[in-house]
Amino acid sequence: MAEQYIVGIAGVMASLLGFVLFYCISLVRSRGPSKINRTASMEFPSENCVNKTGNAEAVGTTDIIIVGAGVAGAALAYSLGKISIAFSLGLYPLSSFKTAMAATKKLSSLFPLFSLLCFVCIFLLLSISRRASISSFATHPNFFQFRPIDTTRSDPTAAGDSSCDYTDGSWVYNPDARFDRYDSSCKEIFKGWNCILNNKSNSGDIVKWRWKPRNCHLPPFDPLKFLHTYRDTNIGFIGDSLNRNMFVSLFCTLKRVTNDVKKWRPAGADRGFTFVHYNLTIAYHRTNLLARYGRWSANANGGELEALGYTEGYRVDVDIPESTWEKAPSFHDILIFNTGHWWWAPSKFDPVKSPMLFFEKGLPVIPPIPPDVGLDKVLKHMIRFVEKTMRRGAIKLFRTQSPRHFEGGDWDQGGSCRRLLPLLPEEVEELFSLKNNGTNVETRLVNQHLYEALEGSNIHSLNITRMSEFRADAHPSSAGGKKHDDCMHWCLPGVTDTWNDLFVAHLNRLKTRN
């Protein structure tokens with residue numbers, strides 16, 4: 394690519410300098426004590442020749458012209474002489490053209506020398522360019538690859554910069570960093586997540602860690618610019634309390650720059666606000682499974698499930714969205730979904746005492762299926778529902794699973810998260826590897842199901858999993874005020890602010906693409 398640019402530039406410069414060369418020949422000859430008659434069209438100061446060439450210098454005498462030209466121009470001046478002659482024919486009278494031809498014959502002996510010198514120079518330029526491009530490619534292996542936003546397994550997302558993988562990076566600590574995005578006074582922060590007011594020991598350090606992608610820059614959130622860019626827009630967060638965590642982060646960030654806010658709950662939302670001056674609405678629709686579910690008890694008259702010995706459980710209609718968000722796709726311009734934490738929650742959906750019993754088209758799925766297969770069915774139906782009901786051009790994102798960081802057992806087994814620093818890469822694998830099948834294994838299991846379900850759809854994935862797996866230090870832990878350590882939700886301010894940085898970068902990327 395670099396070689397083509399250099400050759401192209403050399404050609405253009407050669408054409409221009411070739412033309413100027415003959416122009417200067419004619420001009421200088423016209424000023425010498427020769428028998429050539431001057432014409433009105435050639436009465437220009439000789440300095441104009443120098444100005445037009447930029448890096449050329451012409452000195453005129455009666456019979457000799459010495460020209461010192463730039464490398465690229467001299468290289469091809471001889472070969473492009475005919476082109477310059479053609480230009481001269483259209484600009485000067487015939488007598489002037491003959492004069493220029495006579496002067497050119499005297500210069501012809503110098504052109505081979507110019508050509509040789511410029512050939513060597515261009516060869517050196519190409520060699521340098523090639524070494525530079527190889528070095529750049531080795532340093533940035535993804536530079537020449539288009540990285541789509543919606544991808545599979547590793548999901549190398551792109552936003553803003555099509556060559557950037559925002560999931561590949563590390564957390565960088567800056568002890569002098571100041572966080573002025575919002576503070577603990579934002580009233581929408583759930584009490585258990587307000588680690589500053591709850592005096593969590595490392596609450597001040599949590600926001601001093603910044604996510605740094607390996608080969609690019611993740612732009613910081615500019616709330617005022619966001620309000621202007623997404624004026625007259627409705628944005629909905631649909632999912633469990635982790636999506637509320639993200640919703641609150643966005644609200645507090647925007648609220649910091651404007652107080653003209655109206656509180657309301659559109660389209661069945663649990664929480665919602667409109668920034669009146671910009672007519673921008675953001676809302677949170679709570680749903681644990683995306684699909685409708687509720688308690689189920691055996692019918693005295695019997696049935697297929699009763700015949701198999703089931704007496705109670707939870708009925709999950711895989712093809713019916715929960716009422717809290719079923720109207721959201723027709724109201725919002727941008728939707729961001731999540732699900733996953735409740736699918737592996739034995740305390741809620743005990744496989745013996747209160748199993749998940751899946752229904753499709755109003756009938757029980759027989760034979761009964763386990764939760765992971767039920768998740769696949771729900772994702773398939775909910776994706777179809779969203780694609781069918783949401784207007785053309787709307788933006789749909791599905792956030793990947795937010796990792797938990799329980800160590801020493803699950804939340805109801807004495808598990809805790811007392812770390813004060815982010816994890817090292819080897820600690821991340823120890824905690825989340827599918828091979829280890831540990832307490833937090835559902836993080837990557839859910840993502841496997843999600844990537845498969847999104848394949849072929851027009852819903853984009855927002856991958857926050859990898860960057861969040863490191864942050865075992867950023868949960869409320871025992872400061873959440875609960876009986877058990879909260880190692881699932883995130884302190885605010887905290888990690889979900891970086892999720893929103895990535896979210897906005899994705900939106901801007903998609904907006905530009907559309």
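Residues in the sequence shown are numbered from 394 upward in steps of one, following my numbering. Where a beta carbon is used, it is the ideal one built from N, C-alpha and C, also for glycine.
Here the stretch 689-707 makes contact with the stretch 747-767; the two share three or more CB pairs at distances below 8 Å. Runs of beta strand (DSSP E) with 3 or more residues, each lying fully within the stretch 620-674, are found at 627-632, 654-656 and 664-668, listed in chain order.
Contact between the stretch 630-637 and the stretch 596-614 is absent: fewer than three C-beta pairs spanning the two stretches fall below 8 Å. For the stretch 675-757, the continuous alpha helix (DSSP H) assignments of 4+ residues that do not extend past its boundaries occur at 697-700 and 721-724, in sequence order. In this structure, Lys720 lies near Ala660, with their beta-carbon atoms less than 8 Å apart. Taken atom to atom, the span from the alpha-carbon of Leu838 to that of Tyr707 is near 22 Å.
Distance between Gly696 and Met749, taken at the CA atoms: about 17 Å.
Within the model, the alpha-carbon separation for Arg784 versus Trp564 is close to 38 Å.
Glu753 is positioned such that its CB atom lies closer than 8 Å to that of Val711. Lys875 carries a coil assignment under DSSP once its states are collapsed to helix, strand and coil.
Around Asp653, the same chain offers Phe668, Val669 and His670 as residues with beta carbons nearer than 7 Å, after the five sequence neighbours per side are excluded. For Ser596, the enclosing alpha helix (DSSP H) covers residues Ser596 to Ile599. In this structure, Arg906 keeps its C-beta atom at 8 Å or more from the C-beta atom of Leu855. With contact defined as three or more Cβ pairs closer than 8 Å, the stretch 862-874 and the stretch 569-585 are in contact. A straight line joining the alpha-carbon of Glu823 with that of Asn833 spans about 10 Å.
His621 has its alpha-carbon roughly 43 Å from the corresponding atom of Lys741.
With fewer than 16 neighbouring CB atoms inside 10 Å of its own CB, Arg658 falls in the exposed class. The three-state secondary structure of His610, taken from DSSP, is coil.
Between Gly733 and Ala693, the alpha-carbon positions lie close to 33 Å from each other. By a beta-carbon distance limit of 8 Å, Ile713 does not contact Lys789. Their separation comes to about 19 Å.
Around the beta carbon of Lys656, fewer than 16 other beta carbons lie within 10 angstroms, which makes this residue exposed. Here Glu800 is bridged, per DSSP, to Ser809.
In the DSSP assignment, Phe791 forms a beta bridge with Phe730 and Ser854. In this structure Phe666 is buried. Its beta-carbon is surrounded by 16 or more other beta-carbon atoms within 10 angstroms. In the three-state reduction of the DSSP assignment, Arg603 falls in the strand class. Counted as a single uninterrupted DSSP element, the beta strand (DSSP E) harbouring Tyr566 occupies residues Gly562 to Tyr566.
When the Cα atoms are used, Ser578 and Val641 turn out to be separated by approximately 13 Å. Only residues of its own chain outside the window of five on either side were considered, and among them Arg797, His798, Phe799, Cys810 and His868 have a CB closer than 6 Å to the CB of Cys880, listed in chain order. Boundaries of the alpha helix (DSSP H) harbouring Val821: Pro818 to Phe825, taken from the DSSP string.
In the structure shown, the three-state DSSP call for Ser870 is strand. Per the C-alpha coordinates, the member of Asp569, Ala570 and Cys588 positioned closest to Cys884 is Cys588. Ranked by Cα distance from Phe572, the first of Leu590, Asp598, Gly562 and Lys648 is Asp598. Straight-line spacing of the CA atoms in Glu780 and Val650 works out to 34 Å. DSSP, read as helix, strand or coil, puts Leu590 in coil.
Minimum Cα-Cα distance from Phe619 among the listed residues Trp602, Thr646 and Tyr677 corresponds to Thr646. Cβ contact annotation for Lys773 (same chain, cutoff 7 Å, sequence separation greater than five): Ala846, in chain order.
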